[in-house]
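First to last, the protein sequences are chains U and S. So the first sequence is residues 1 to 701, counted in the working numbering. So the second sequence is residues 1001 to 1701, counted in the working numbering. Each residue gets a CB set at the ideal place from its N, CA and C atoms; glycine is no exception. These figures come from a predicted structure and were not determined experimentally.
There are 2 protein chains.
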Amino acid sequence: MNLESFFCPKSVAIVGASRESGKVGNTILTNIIDSKYKGKIFPINPKADKIQGLKCYNSLLDVPQDIDLAVIVIPGKYVLQTLDECNEKNVKAAIVISAGFKEVGKEGAKLEMQLVKKAKEYKIRVLGPNCLGMIDTACPLDASFSPSFPSAGGISFISQSGALGTSVLDWAKFENIGISKFVSLGNKADISEEDLIKYMEDDDTCKVITAYLEGVKDGRKFIEVSSQVSKKKPIIIVKSGNTSAGAKAVSSHTGTLAGSGRAYSASFKQSGIIRAKTIKDLFDYANTFANQPLPKGKKVAIITNAGGPGIMATDACEENDIPMANLNKDTIEKLKEFLPAAANFYNPIDVLGDAPADRYQKTLEVILNDKNVDAVIIILTPQTVTQPYKTAKAIVEELKDSKTEIPIITCFMGGAEVEKGIGYLRNSGIPNFEIPENAIETLKKMIEYSEWKQKSAPEFKKIKADKESVSKLFDNCRKDGKCELGEMDARGVLKAYNIRVPKAELARDIEEAKEIAKDIKFPLVLKIVSPNILHKTDVGGIKVGIENEKELEEEFEQMLWNVKKYMPDANIKGILLQEMIQSKKETIIGINKDPQFGPMIMFGLGGIYVEVLKDVSFRIAPITKSDAIEMINEIKTIKLLKGARGEKPSDIDSIVDVLLKISQLVMDFPEIIEMDINPLFVKKEGEGSIAGDVRIRIGEN
Amino acid sequence: MNLESFFCPKSVAIVGASRESGKVGNTILTNIIDSKYKGKIFPINPKADKIQGLKCYNSLLDVPQDIDLAVIVIPGKYVLQTLDECNEKNVKAAIVISAGFKEVGKEGAKLEMQLVKKAKEYKIRVLGPNCLGMIDTACPLDASFSPSFPSAGGISFISQSGALGTSVLDWAKFENIGISKFVSLGNKADISEEDLIKYMEDDDTCKVITAYLEGVKDGRKFIEVSSQVSKKKPIIIVKSGNTSAGAKAVSSHTGTLAGSGRAYSASFKQSGIIRAKTIKDLFDYANTFANQPLPKGKKVAIITNAGGPGIMATDACEENDIPMANLNKDTIEKLKEFLPAAANFYNPIDVLGDAPADRYQKTLEVILNDKNVDAVIIILTPQTVTQPYKTAKAIVEELKDSKTEIPIITCFMGGAEVEKGIGYLRNSGIPNFEIPENAIETLKKMIEYSEWKQKSAPEFKKIKADKESVSKLFDNCRKDGKCELGEMDARGVLKAYNIRVPKAELARDIEEAKEIAKDIKFPLVLKIVSPNILHKTDVGGIKVGIENEKELEEEFEQMLWNVKKYMPDANIKGILLQEMIQSKKETIIGINKDPQFGPMIMFGLGGIYVEVLKDVSFRIAPITKSDAIEMINEIKTIKLLKGARGEKPSDIDSIVDVLLKISQLVMDFPEIIEMDINPLFVKKEGEGSIAGDVRIRIGEN
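If you want it as structure tokens, here you go:
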């Protein structure tokens, strides 16, 4: 992978450069020149001699010097030919602005496939097609047709929507938000989000990677790259298209509850990606991450000159589960030395409405020395004697003096009165928020990311399992032409992965049944066993709570009679006697295959919790132990497992164990399409879990 | 109530007017003059002859003309004396800017009480004390010490925080948001939010009432006034201090789950108040409500020149439960006539990245004629040939031409490129949002408010009940010195309000028990009855599932033996035989008294749903039938009552019935402090509900 030629090319050719103002081929050439690009620029246009004072060439092949990057702006149908010329000329990178590919339908898709094929053959990396181009403010180079060129800074933005890109660039320029790189992905025929994220990992001008995505190209690669890069620098993403319906017809519980939105959420969590709900949130976060250090802990101190906004900030902290720092006694004593008596010396610290700049500064100085404080929010409302600009300067001065490593976020609230102060803060790297709530939400994201960075790298431990016997079971199943395993086979799969199943044995007649019952012990469950019967309940083929031999005799005969009545032709292998699990909680563990991310694991409480409350959690396989613990704790009804209402806690460790085994099972056997352990009986702490029932559906090998 | 003198006084005196710049008494005088107030201005200051060219008086009594409004800016301790002079001079309204009252502690609180007493005696209405003053842009009059005077418009803003007021006014001026009235509430010694809301109901310059509140003074009056005014114009409120802990020691379930946050939420719902989470949201909503008509239905059409933001908007619609309008066939045919072939003719309508202004206009024209469309969102991103300003003008022109009554919200996304267009839209009354998500959220609030306005006025039907016998039961209980009713008495209260309780009768010995059992029928529940035993389970005093006479004999004796063993001195009145309710859902109905709003009614499913999931809903009593229906439907587990998993639906009508009876009970008997019907057994549709157990705690009459 070589993306350097995109971002720091020594020379750029514009294939389809135009003299006509308003044409894309003209805008791009103008943008390259206007961006003060220092390399060589070669406009290509057989119908022109000179454009914008630059000599124009007939074709790439006529250019007498080396070309690093070609920007292609000609009609789609001519692009393949240009790629041939790129190859001949040894061009290493191409931006295909041209439309007319996958986005216009079948014919375009064919053309795009040919484009990819050629690009691979020629080892040319291609951005696009059907994109806005890209901008590198560090180079500098504006190889896009965006109307705006932003100022340089630490935020890189990858956009799957070109039009959104133009809005963001225009807005960033307006708000003086510094951009490192902007890349419009277009159709992602070759270069995709993970290529760029990977490249940006080592790009020193980029402090924060941000993206607007409508989908990812390769889910597993995306997780792999992102989870590695996010340990180094923050990745903030807006993902749209979350609520789109269009659920396919699926037969399992897990399938019904899964879906693309769940898969993306899970993948983001597992990759340490910071998710923003809107583009505005994305830049709020990015701007703060780019300019402020990460908090080392969660405790925040709030300094304010107004009670109301102080309460709002406190509310927001509680809502976001951010604790208010308990100030040291020393701190409070020091504050009392200079703050007026009517001030509030406790957190939130109210320096009062008449606070001049130096009162803010002294307060900040004292707070920054308090080891209980991990982050500071400074609120200012413009009252009669307030000095917004002076206060801004005082804050910046104090931060310089103290050399603090604590993040500081301000919230100067108002309009004209605070404008200059906010500008000064921003230019000094202190992000300002219009309202306290947004400041606190951003801080929350910083805390979460800080925790992610501190987490050790994911570890996938190999669990001992009898893979061979599972292979055989699957092969047999496929031989029979089925895609769903029978009950005994499915239990066999679990056993091979050392997942406990209830004691059970097949009885061909009542005498065998009586013998087996002595071994398994009452109470028992009876289940009819027949390859022809899938829905046992419908034919009276299940009976629970058999308490003694007498009941066993009665119910055994009754069941055989039932089944014969409903399905006289069924091939009956016998009746399964199964241990009845008592004093337990019913949970569910499921597997569903996501088209983007592959097997997803689901966990939830069984019964109404999964069906009515949809209280489940998802992760993409494979999962680590900490993923498993997280996904169990994520369900809203977790208290029921931890022992609500005076009950003893359930054996959560054993659920973790089963989750990890299932994770390995689906990684070992990609042919598993769907799987539900429902219920997984979880007994009391120390007593383990038992898979009560399991369904497995497999596809081709 | 007479607040006219505040907002349209013919003359204003400033007691404490000052020559010294920077002093509040100077700022207020300057603000009054600068606001171009047309009435007479009388500065009062014994130490000055003239201030700002105006003749200065020694005291109010020296002013030779009538004074409507006095603005008092002198130290708190002199305020009472000034009020005496106000009375003598027949001043009808006073704004007390001065601090030093309730907010400084006990002494101040005493002073404030004296102030209120005098004000009442003199029939002078007082705003404050400890406030920023007030602004009326229509008069015009700026009787505040805010640094900013906003432009005139339709939004009135009431603020419990003066400092927040300064921020908001500064910001409103900056963003050119038109304000009608601004009122700083201060300590609310006399004039409170509901006085102002009531006044603004008939104020024609005010189209939208907004407020920042930390609490309300009189909960019930607040609901009464707000629910009336909100039928006429929207009331939008930010309420802070929502998450404050400090829950008191409470003994009932309802008490544990109640709390101030729940009470405010309920009261806002019952009053049709639009709640904003932040001040920014508040003004987003207010500005749209003030300028756009309400939608008549919920269906939205989206016009965009960019796919990405179109998807974002669609996502936001789905999240907010706003359906995308299905366009008429006619509409689509008409769109096909002029939109390029690559456009999307279905909703969201993509007019493509190269759309000039007239393409937007034509599209809007067609859409506005589609009867399936209740609201339109127009998205624009500034691409190469986009014409933001021209498009803005085209939109405004189209709206004028079509005379539409459909609300239009725009989302021109960007910075400098779209600034002029946004300005034009704003000046034409079309609110613009930076991102589609905020536009959709605002539209959601409009839809909700529109539905509220269409709802008929609340109706409180009187239910027949035997109040007298309840009075007697309560009196008896108080005579005994208890505050908690015994089981039999509590059941008596329910019976008096025609709420079904299980059949039950007291048996003093086993012979009586056998007779009673014949009447009630097995299965039965046994409960010990003794005034000394509160926790029956602890002494083995409860037994469920008595199936026949034999079991009855055994368990009757066993229970007597149990109780004698644990509590040999207990005065045992006998054992209660009670009908055992089968095939039912357990719900809970509770009453808790909120200090601000009085009795609150809670509803939820029983057991873990209430204890672990806290899945309950609240309303302030009294409630209407539609309140009751709403609160039942509000719980997340409502599906369990409606018949999930193939079950028959529960008798929801009978829950509504019990809720209404309980609502009347607590209104009839304000001495009820706490009450839990837990469980309320709800049987299948048509079979009713039965109160399984009830606890009632009462206070003094």
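Distance between beta carbons of residue j and residue i, contact taken as under 8 Å
i: residue 69/U; j: residue 140/U; result: Wrong, their Cβ atoms sit about 14 Å apart, outside the cutoff.
i: residue 1441/S; j: residue 1320/S; result: 6 Å
i: residue 208/U; j: residue 179/U; result: The pair is not a contact, with the Cβ atoms about 10 Å apart (cut-off 8 Å).
i: residue 1275/S; j: residue 1239/S; result: 7 Å
i: residue 1189/S; j: residue 1116/S; result: 5 Å
Closer than 8 Å to chain U by CB, residue i
i: residue 1434/S; result: yes
i: residue 1501/S; result: no
i: residue 1353/S; result: yes
i: residue 1030/S; result: no
i: residue 1027/S; result: yes
i: residue 1248/S; result: Only weak support is given to the placement of residue 1248/S: the predicted model assigns it a pLDDT of 33, under 50, and the question is left unresolved by the model.
i: residue 1569/S; result: no
i: residue 1538/S; result: no
Residues that residue i contacts on chain U, provided the C-beta gap is smaller than 8 Å
i: residue 1160/S; result: 308
i: residue 1305/S; result: 163
i: residue 1370/S; result: Going along chain U, no residue has its Cβ under 8 Å from residue 1370/S, so there is no contact; the nearest lies around 23 Å.
Same chain only: Cβ atoms within 6 Å of residue i, ignoring 5 sequence neighbours per side
i: residue 1355/S; result: 1305
i: residue 1683/S; result: 1584 and 1651
i: residue 1303/S; result: 1349, 1363 and 1378
i: residue 1344/S; result: 1350
i: residue 1383/S; result: 1353
Closer than 8 Å to chain S by CB, residue i
i: residue 45/U; result: no
i: residue 52/U; result: no
i: residue 682/U; result: no
i: residue 93/U; result: no
i: residue 260/U; result: no
i: residue 321/U; result: no
i: residue 545/U; result: no
i: residue 24/U; result: yes
i: residue 377/U; result: no
i: residue 437/U; result: yes
Interface partners of residue i on chain S, CB under 7 Å
i: residue 18/U; result: None at all; the shortest Cβ gap to chain S is about 12 Å.
i: residue 174/U; result: 1415 and 1416
i: residue 311/U; result: 1214, 1240 and 1241
i: residue 385/U; result: 1022
Residue i: contacting residues in chain S (beta-carbon distance under 8 Å)
i: residue 612/U; result: 1637, 1639, 1640, 1644 and 1645
Proximal chain U residues relative to residue i, where beta-carbon distance stays under 7 Å
i: residue 1300/S; result: Correct list: empty, because the minimum Cβ distance to chain U is about 15 Å.
i: residue 1382/S; result: 147, 166, 167 and 170
Cβ shell of residue i (< 8 Å), same chain only, five flanking positions each side left out
i: residue 1700/S; result: 1478 and 1671
Cβ-heavy atom distance, residue i to the ligand SAM, below 7 Å
i: residue 380/U; result: With respect to small molecules bound, the structure shown includes none, and the ligand SAM cannot be examined in it.
Cut-off 7 Å between Cβ atoms - residues of its own chain near residue i, not counting five sequence neighbours on either side
i: residue 571/U; result: 530, 531 and 532
i: residue 169/U; result: 146, 148, 150 and 182
i: residue 1165/S; result: 1132, 1146, 1159, 1182 and 1184
*For the stretch 505 to 527 of chain U, enumerate the residues whose C-beta is nearer than 7 Å to any C-beta of chain S, in chain order.*
none
_Short-range partners of chain U found in the stretch 1394 to 1427 of chain S, where Cβ spacing is below 8 Å_ = 1413, 1414, 1415, 1416, 1417, 1418 and 1419
*Taking a cut of 8 Å between CB atoms, which residues from the stretch 125 to 152 of chain U lie near chain S?*
145, 147 and 148
*For the stretch 271 to 284 of chain U, enumerate the residues whose C-beta is nearer than 8 Å to any C-beta of chain S, in chain order.*
Under the 8 Å Cβ criterion, the stretch 271 to 284 of chain U contributes 277, 278, 279 and 280.
_What are the residues in the stretch 1095 to 1114 of chain S lying within 8 Å of chain U by C-beta distance?_
Taking 8 Å as the Cβ-Cβ cut-off, the stretch 1095 to 1114 of chain S approaches chain U at 1104, given in chain order.
*Can you list, in chain order, the residues of the stretch 588 to 614 of chain U whose Cβ is nearer than 9 Å to any Cβ on chain S?*
Taking 9 Å as the cut-off between beta carbons, the residues of the stretch 588 to 614 of chain U near chain S are 607, 608, 611, 612 and 613, in sequence order.
_Against chain U, which members of the stretch 1073 to 1088 of chain S pass a CB distance test of less than 8 Å?_
Within the stretch 1073 to 1088 of chain S, no residue has a Cβ that lies closer than 8 Å to any Cβ of chain U.
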